[in-house]
Structures are given as C-alpha cells and as structure tokens.
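In the numbering used here, the protein residues as written are 186 to 428.
Cβ coordinates follow ideal geometry from the N, Cα and C atoms, glycine included.
Predicted, not measured: the structure shown is a model, and the values here were computed from it.
Pasting the structure below:
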C-alpha cells in the first residue's frame, strides 16, 4: 500500500504560497537596506524613522502573511488574501515614494515587484489590474507631495508607469506562462500519484482475494479427502458383513 503523507506536510500549492510570502519579506528587507544606504549617502531627504517604520512594517506584513499561509488561515471563506497583500504592498511602496521625494523618488520601479507577484499568483489579468492600482497609488503619492499641480506632472507620472509596465510586459507574460505550466505539471503529478495509489490499492485487494481463494481451495481439497475417506470406510463396513 502507498505510504500516507506525513502529518503537516505542505502541498505544492501551499509551498508556493509560502515562497511568495518569503519573497515579499526579502524584497521589503532589501528595499529598506537600499533606502538606508540612500539616506546615508544623502540621496534622499526622508528621515531614518520614516525609512525603518515603512520598511519594517512592510517586512512584518510579509512575515504575517507567511504565518497565515503556514497555518492555513489565508483560505478563510470571504478573505481575499491575495488582494489584501497586493494592496498592502502598493500602499507601502506609495508611502516610500511619498517620503523619498515624490516625483524625484527613485522608488517607483519597485511597483514592478508587486505587479510580478500578482502575475505569478493570479495571472496576466491580475497583473494588469495591479498595474492600474499601482498607477493610482503613485498618483496619490505625488498628489500628497503636492507635485500634481497642472496636467503635465500627472501625464508624466502616467507615462512613467505605462513605460514601466510595457517594458516588463513580455517578462510578466513569460512568468505567467511558466506558472501555468508548473500548475499543469503539478496537476499531472497529483493525478499520477492518485492513479498509483488506486493501482496499489487494487493490487492489495487482488492479493487478498487470491489468498482467500487459495484458502478456500485448500478447504475444498480437505473436504474432498474426508469425503473419499468416509466413503471408503462405509464401503468397507458394508462389505465386511456381506462377506
């Protein structure tokens, strides 16, 4: 019989979701380090408190997401888990853009990390919707910084975001296709595993039935031997008085 999976063993989809949250934490930790380096080099004017508050909170949100996936709580009915962490990432990146200079901030390319994550988790449509949300977050950050006076700054911001998405479009498309193939391979592997388990079960049942037939055959042979012996004894007992 096939061995049962170990208790608590994570499925391939669960391992993938855990990896997504780990990568989120690594991305935000790296972004915090880069922001701190820029601040030390006086390339950005934000305070140390702002940098570590935003970066630390973003990293902790990824750790919290990892814990939710680890315990299986991310699939609670009615909880749009993927949408929540995607929107949180957009908020953290927009906040970083705001505190690091607005339109002059070097941080807007980090939106690409969130768009890529959405593409891997939910596909091309989700990536496009995330791009729309990132564009909205970027415009809100610039507006909060007071840099959307007139039409040209807004058009420039839109052009930057469209250029960012267009430059990454084929990469995102390839990532989505690879993810789709991975899911197909995983589904085929799971189907193959189920078939092997079913064949193993049927083999066990067949062996059990063969053993039972063998035992029944032995009992029939023993019954035949006893019957022959009984007939021989009866025949002997009948012939003796007659003789």
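Proximity to residue i [Cα-Cα], best of the options
i           : options            : result
residue 213 : 228, 358, 357, 295 : 295
residue 228 : 362, 289, 373      : 289
residue 321 : 415, 419, 346      : 346
residue 430 : 256, 293, 306      : Given a span of 186 to 428 for the chain in the structure shown, any question on residue 430 remains unanswerable.
residue 200 : 343, 371, 339      : 371
residue 300 : 337, 261, 355      : 355
With 16 other Cβ atoms within 10 Å as the buried cut-off, status of residue i
i           : result
residue 315 : buried
residue 202 : buried
residue 277 : buried
residue 209 : buried
residue 230 : exposed
residue 353 : buried
residue 254 : buried
residue 344 : exposed
Inter-residue Cα distance where the pair is residue i and residue j
i           : j           : result
residue 197 : residue 217 : 30 Å
residue 130 : residue 263 : Past the boundaries of the shown model lies residue 130; the chain is included only from 186 to 428, so the question cannot be answered.
residue 234 : residue 304 : 32 Å
residue 384 : residue 402 : 26 Å
residue 238 : residue 220 : 12 Å
residue 222 : residue 382 : 55 Å
residue 330 : residue 283 : 6 Å
residue 251 : residue 280 : 22 Å
residue 341 : residue 207 : 34 Å
residue 236 : residue 380 : 53 Å
residue 333 : residue 285 : 16 Å
residue 311 : residue 245 : 24 Å
residue 319 : residue 391 : 60 Å
residue 232 : residue 224 : 8 Å
residue 190 : residue 378 : Because residue 190 sits at a pLDDT of 41, beneath the cut-off of 50, its placement in the model cannot be relied upon, and the following sentence gives the value as read from the coordinates. Roughly 12 Å between the two C-alpha positions.
residue 373 : residue 205 : 22 Å
residue 309 : residue 362 : 9 Å
residue 242 : residue 327 : 21 Å
residue 258 : residue 395 : 47 Å
residue 357 : residue 317 : 15 Å
residue 265 : residue 272 : 11 Å
Within the region 206-261, ranges of the alpha helix (DSSP H) (whole runs, at least 4 residues) | 233-256
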